[in-house]
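Following: one structure in structure tokens, then a few remarks.
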Amino acid sequence: MSAFSSADPTPSSPDTVGSAPDVVRAVVSGVPDRVSLDGLEATYDARWSEQGTYAFDRTKTRAEVYSIDTPPPTVSGSLHVGHVFSYTHTDVVARFQRMRGREVFYPMGWDDNGLPTERRVQNFYGVRCDPSLPYVEGFEPPQQGSEDGSGKAPKLSDQVPVSRRNFIELCERLTGEDEKQFEALWRRLGLSVDWSHHYQTIDANARTVAQRAFLRNLARDEAYQAEAPGLWDVTFQTAVAQAELEAREYPGHFHKVAFHPSDGGAPVHIETTRPELLPACVALVAHPDDERYQHLFGTTVTSPLFDVEVPVLAHPAAEPTKGAGIAMCCTFGDLTDVQWWRELQLPTRSIIQRDGRISRETPEWLTSERSRALFAEIEGKTTFSARTAVVDALRASGDLAGEPVATQRMANFFEKGDKPLEIVTSRQWYIRNGGRDAALRDELLGRGRELGFHPDFMRVRYENWVGGLNGDWLVSRQRFFGVAIPLWYRVGADGTVEHDDPIVPDEASLPVDPSSDVPPGYSADQRGVPGGFVGEADVMDTWATSSLTPQIAGGWERDPDLFERVFPMDLRPQGQDIIRTWLFSTVVRSHLEFGSLPWANAAISGWILDPDRKKMSKSKGNVVTPMGLLEEHGSDAVRYWAASARLGTDAAFEVGQMKIGRRLAIKVLNASKFALSFGVDPESGTGEITLDPALVTAELDRAMLAGLADVVDRATEAFDAYDHTRALEISETFFWTFCDDYLELVKDRAYGAGAGAADVNAATRSARTALAIALDVLLRLFAPVLPFATEEVWGWWRTGSVHRAPWPTSDVARAASAGADPAVLTAAGHALAALRKVKSEAKVSMRTPILAAELAVPAAARAGVESALVDLRGAGRVTGTLDLVETTEGQGDAAVQGGLVVVRSELGEPEARRKG
RNA sequence: GGGCCUGUAGCUCAGUUGGUUAGAGCGCCACGCUUACACCGUGGAUGUCGGGGGUUCGAGUCCCUCCGGGCCCACCA
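916 is the number that our numbering gives the last residue of the first sequence; the numbers go up by one with no jumps.
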């Protein structure tokens with residue numbers, strides 16, 4: 001029968017305890033006279049580095065490995081308190097799993113792909129990326145900007161154009177500096193990262209992975225190109241994806257505009273916030289059931305000012321309650337227009353250019369004299385000035401009913417942009433993500449159900465997003481910096497580019513830059529000439545690279561031996577705001593390439609809120625620098641604050657919590673110093689401690705260890721369930737009782753009251769051994785959260801690093817406490833509190849002797865108090881009688897505290913104050 | 001409009017499947033330099049568990065409803 005099977009809850013006799021754990025012997029040496037947290041970060045960071053404490057052992061098998069898909073922070077941004085918070089959560093898990101016996105693969109990445117880096121490189125070096133230029137060997141940029149951007153950014157016209165490859169090189173040079181600072185912060189915080197496994201999202205490996213994954217998608221028809229109307233940012237002049245949208249309020253005006261029925265009937269009024277799109281109008285649309293417009297369906301009306309005849313059509317997407325209930329459909333004002341255009345097979349009449357301005361060519365569908373004249377007035381203008389011009393004309397012609405009414409409307413914005421998105425028709429690349437395909441969508445929803453979300457309710461965000469997709473993932477971007485789409489197109493004899501059958505590179509040649517590299521079978525002089533080729537100019541969306549972080553970090557195809565040991569990974573830690581982007585896109589890529597999840601678990605951290613309960617942000621000026629925080633409070637303290645917040649829950653930025661963490665860390669040092677201070681040979685300053693459960697014989701000691709055994713089991717269970725907060729709380733609560741009550745109660749006995757150091761009796765040895773066993777366990781319980789303090793103490797009496805020590809089991813404590821009742825310590829603690837209260841109320845020192853006392857004890861607590869009576873007398877300094885009188889008050893554990901009171905006492909003289 | 005989270009002591013938060021008198025820390029008050037710790041210790045005070053209904057022998061916990069915070073999605077006529 002198993003030693004700890006649930007069928008046998010009371011393994012009290014030795015033969016049910018199973019094989020005894022190996023008895024640990026430790027030699028205490030090097031406990032300092034005064035303990036301190038100061039400087040521990042630097043000391044142990046260096047030692048861990050030097051000793052390879054966190055080095056990943058790649059001989060381990062997949063089952064032995066715990067792999068983490070670390071979020072790569074954006075290097076061009078700055079790290080803030082929120083990063084410290086969430087990265088601590090991950091590190092706590094990493095350290096727990098490592099001690100649990102898993103070989104932890106914990107790499108670090110840097111995200112240096114994307115717009116923030118592009119802008120920073122531009123401004124810092126005074127360059128601009130122009131993919132059409134050739135690579136220049138040994139290029140030196142015209143300037144070295146200042147780190148804080150105080151040097152003024154050069155104007156676009158002053159920026160020196162450089163090739164994409166040169167631009168990427170400059171990016172790597174610049175971000176190398178950022179990375180050093182970031183690494184220094186992470187080391188100071190104590191992240192147990194293996195720094196030999198790091199990556200950048202723009203480096204050659206990442207580009208290779210991103211291009212290879214794309215080519216595989218293309219080969220399986222999961223990537224495709226399409227010419228279609230899509231959301232377009234006019235500032236950055238690039239298409240944007242659904243996941244990058246942000247709906248924002250945007251001021252506008254309703255304009256009531258008259259259309260004129262071709263049969264000469266009464267004018268039809270529509271309401272629009274975009275009157276400048278009047279020349280792009282292709283139809284009026286109302287709901288098929290709308291009584292008001294039944295008579296118009298099937299007829300045509302003529303647009304005001306521009307005199308274009310358009311049909312009046314019925315479509316269920318029209319909402320009778322919006323505006324006038326009948327809408328003007330333009331190509332394109334919004335996504336509803338696109339839907340109507342597609343489903344009602346309307347013509348295309350685009351007038352907005354990619355720069356957001358009105359087309360400079362008068363469209364051929366404008367035929368009347370006045371329409372062509374008016375268009376000539378607005379051509380090349382921004383939508384804003386064109387709107388003014390059109391409204392003035394409408395007012396003059398009498399087609400504007402009333403005056404425009406101000407409104408706040410919601411408009412789609414690119415999350416990094418500040419102008420509303422337009423809809424522009426362009427050729428773009430897409431990756432299938434279930435947005436247009438119910439079967440794939442269901443598969444991806446299935447992956448979401450397979451994934452362990454922590455906390456679990458975050459799964460809903462995934463499901464809502466996947467369920468609400470309205471199109472495939474647009475991955476091409478009309479930017480210059482980024483990972484190039486690795487394709488070329490043939491140029492026909494007549495000079496037209498043949499997009500339909502792209503030329504693909506060999507995987508072995510990756511990464512390629514089609515703007516400078518030449519496709520297989522062609523020579524460089526065939527670029528851009530009839531019969532030759534052109535390179536795809538677009539780059540991939542940053543998520544197209546970030547969605548591959550497990551592949552990038554894990555060595556997909558580059559290091560198959562590593563990859564099979566770490567993939568699929570165990571954990572993706574990340575923020576809740578990027579479930580729809582990073583988390584989902586990573587699931588998509590893994591599902592398409594491997595038919596599996598990229599990881600088994602996702603740990604979602606919350607936000608840090610400032611004291612006003614607002615999300616902390618730079619603009620509010622309430623950002624505290626992380627390094628300053630670590631320097632002020634110490635890393636263990638800051639980690640404690642972070643670890644006190646549950647996953648998925650927003651947490652307050654609270655210095656008070658850090659002070660508590662610091663107090664805990666110092667307490668660990670001091671209590672450890674005390675627990676290890678016995679048995680030290682006064683001559684040599686060293687001593688051996690044997691953690692032999694058989695030496696623990698006193699009932700109080702056994703009760704303490706029985707409680708500790710429960711704590712280990714509960715904390716382990718919590719950690720296994722990704723509930724580090726609960727694990728910490730359980731350990732911490734026990735630890736404070738351990739310090740406040742147990743240490744005080746056993747102090748005299750542990751000192752060997754009366755006996756010489758060499759003449760240690762069984763009771764004293766019991767206390768000392770129990771202290772050592774408890775310390776051995778407690779240090780390891782706290783190690784994930786307080787890596788520095790626990791490592792410091794570990795070094796006083798143990799060999800190796802506590803962070804490579806096995807996670808504690810309850811075995812030793814159970815072996816030492818078989819049959820003991822944790823309530824004995826509880827009762828003794830309450831009895832001690834009762835004695836202390838007498839002195840506290842008498843306002844005398846705790847050293848004051850109690851000459852005689854009578855203690856009321858509930859029946860339930862009596863046995864416990866009695867078994868600890870000697871310790872109790874010592875800790876309470878009871879020199880005379882201590883009588884117990886049984887009370888009937890209360891039942892059960894909760895009543896014990898209330899019932900345990902001193903009913904009569906006689907205090908001695910307070911000890912004379914010592915001088916000095 | 002759809003959805004998720006959240007409301008417990010002045011503050012930050014626990015409160016496991018409903019079960020005696022709702023907890024912790026900080027802060028506050030009082031006392032105490034006690035050979036682990038003054039970066040400390042001891043003791044104490046503090047609550048209409050957001051409001052209102054309901055289920056139940058019993059509700060902080062379950063249900064309904066309303067109110068207050070936070071977030072996601074949809075919303076461009």
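Using N, Cα and C, we set each Cβ at its ideal position, and we do this for glycine too.
*asked:* Please report the distance separating the alpha-carbon of Phe413 from that of Pro131.
replied: Between Phe413 and Pro131, the C-alpha separation is close to 27 Å.
*So what's Ala816 in DSSP terms, helix, strand or just coil?*
Reduced to three states, the DSSP call for Ala816 is helix.
*Can you give me the Cβ contacts of Ala671 inside the same chain, cut-off strictly under 7 Å, excluding the 5 residues immediately before and after it?*
These residues qualify, in order along the chain: Cys739 and Leu743.
*Consult DSSP for Met1 and reduce its assignment to one of helix, strand or coil.*
Note on Met1: pLDDT 32, under 50, position unreliable in the model; no value is reported.
*For Asp501, three-class secondary structure by DSSP*: DSSP places Asp501 in the strand class (E or B) of the three-state scheme.
*asked:* Measuring only the C-alpha atoms, how far is Asp442 from Val460?
replied: Cα-Cα distance, rounded: 15 Å.
*Return the chain-ordered ranges of every alpha helix (DSSP H) run that is complete within the stretch 697-752 and spans a minimum of 4 residues.*
Inside the stretch 697-752, DSSP marks whole alpha helix (DSSP H) runs of 4 or more residues at positions 699-720, 724-737 and 743-751, from first to last along the chain.
*With respect to 7 Å, is the separation between the Cβ of Met540 and the closest non-hydrogen atom of the ligand NAD below this value?*
With respect to the ligand NAD, the structure offers nothing, as it holds no ligand at all.
*Specify the secondary structure class of Ser509 as computed by DSSP and reduced to three states.*
If DSSP states are grouped into helix, strand and coil, Ser509 belongs with the helices.
*Beta-carbon separation (whole angstroms), Tyr135 vs Ser523, contact threshold 8 Å*: Not confirmed; about 17 Å, so no contact.
*So who's on the other strand from Lys256, going by DSSP bridges?*
The partner list for Lys256 (beta bridge, DSSP) reads Glu271 and Ala401.
*Residue from Arg248, Thr581, Gln122 and Glu909 whose Cα sits closest to the Cα of Gly145*: The shortest C-alpha separation from Gly145 is found at Gln122.
_Same chain, Cβ closer than 6 Å to Pro347, neighbours up to 5 away in sequence not counted_ = Closer than 6 Å at Cβ, skipping near neighbours: Val282.
*Less than 8 Å separating the beta-carbons of Leu592 and Gly230?*
Going by beta carbons, Leu592 and Gly230 fall outside the 8 Å limit.
*What is the DSSP secondary structure of Ser867, reduced to helix, strand or coil?*
Helix at Ser867.
*Counting Cβ pairs, one atom from each stretch, are 3 or more of them under 8 Å apart for the stretch 663-678 and the stretch 31-41?*
With the cut-off at 8 Å, the stretch 663-678 and the stretch 31-41 touch.
*asked:* Quick check on Val529: buried or exposed, where buried means 16 or more other Cβ atoms within 10 Å of its Cβ?
replied: Residue burial annotation: Val529 is exposed, with fewer than 16 other C-beta atoms found within 10 angstroms of its C-beta.
_Rounded straight-line distance, which links the Cα of Ile604 to that of Leu469_ = Looking at the two C-alpha atoms, the distance is approximately 22 Å.
_Among Tyr293, Asp570 and Trp232, nearest to Gln428 - alpha-carbon criterion_ = Cα-wise, what sits closest to Gln428 is Trp232.
*With DSSP run on the structure shown, which of helix, strand or coil describes His591?*
In the structure shown, His591 sits in a helix (DSSP, three-state: H, G or I).
*How would you call Ala396, buried or exposed, if buried means at least 16 neighbouring beta carbons within 10 angstroms?*
With fewer than 16 other Cβ atoms within 10 Å, it is exposed.
*Closest by CA to Gln242, which one among Ile431, Thr407, Asp636 and Leu851?*
Ranking Ile431, Thr407, Asp636 and Leu851 by Cα distance to Gln242 puts Ile431 first.
_Can you tell me whether Tyr135 is helix, strand or coil according to DSSP?_
Here Tyr135 carries a coil assignment [DSSP, helix/strand/coil].
_For Gly264 and Thr299, I'd like the C-alpha separation in whole angstroms._
If you take the alpha carbons of Gly264 and Thr299, they lie about 11 Å apart.
*Go through the stretch 63-133 residue by residue and report every complete run of the alpha helix (DSSP H) that reaches 4 residues or more, in order.*
If we require 4 residues or more, the alpha helix (DSSP H) runs fully inside the stretch 63-133 come out as 81-99 and 115-125.
_Simplified DSSP state of Ile351, which is helix, strand or coil_ = In the structure shown, Ile351 sits in coil (DSSP, three-state: anything other than H, G, I, E or B).
*May I ask you to verify whether the stretch 408-423 touches the stretch 555-567, counting CB pairs closer than 8 Å and requiring at least 3?*
Three or more Cβ pairs closer than 8 Å define a contact, and the stretch 408-423 falls short of that threshold against the stretch 555-567.
*As assigned by DSSP and simplified to three states, the class of Glu319*: The three-state reading of DSSP puts Glu319 in coil, since its state is none of H, G, I, E or B.
*Can you grab the Cα-Cα spacing for the pair Gln97 / Asp57, in whole Å?*
Whole-angstrom Cα-Cα distance: 14 Å.
*Check the C-beta distance from Thr586 over to Thr549 and give it rounded, since I have them as a contact under 8 Å.*
Rounded, the Cβ-Cβ distance is 7 Å, consistent with contact.
_Supposed close pair Glu854, Val902 - CB separation, criterion 8 Å_ = About 7 Å separates the two Cβ atoms, so the contact holds.
_Rounded separation between Val712 and Ser731 - CA only_ = If you take the alpha carbons of Val712 and Ser731, they lie about 8 Å apart.
*Who are the Cβ neighbours of Glu683 in its own chain at under 8 Å, not counting the five residues just before and after it?*
Confidence at Glu683 is low in this model, with a pLDDT of 46, below 50, so its placement is unreliable and no value can be given for it.
*Please classify Gly829: is it buried, with 16 or more other beta-carbons within 10 angstroms of its beta-carbon, or exposed?*
Buried, since its Cβ has 16 or more Cβ neighbours within 10 Å.
*Thinking Asn205 and Ile773 are a contact (beta carbons under 8 Å), I'd like their distance in whole angstroms, please.*
With a Cβ gap of about 48 Å, Asn205 and Ile773 do not count as contacting.
*asked:* Quick check: what's the CA-CA separation for Lys60 versus Val104?
replied: Cα to Cα, the separation comes out at about 10 Å.
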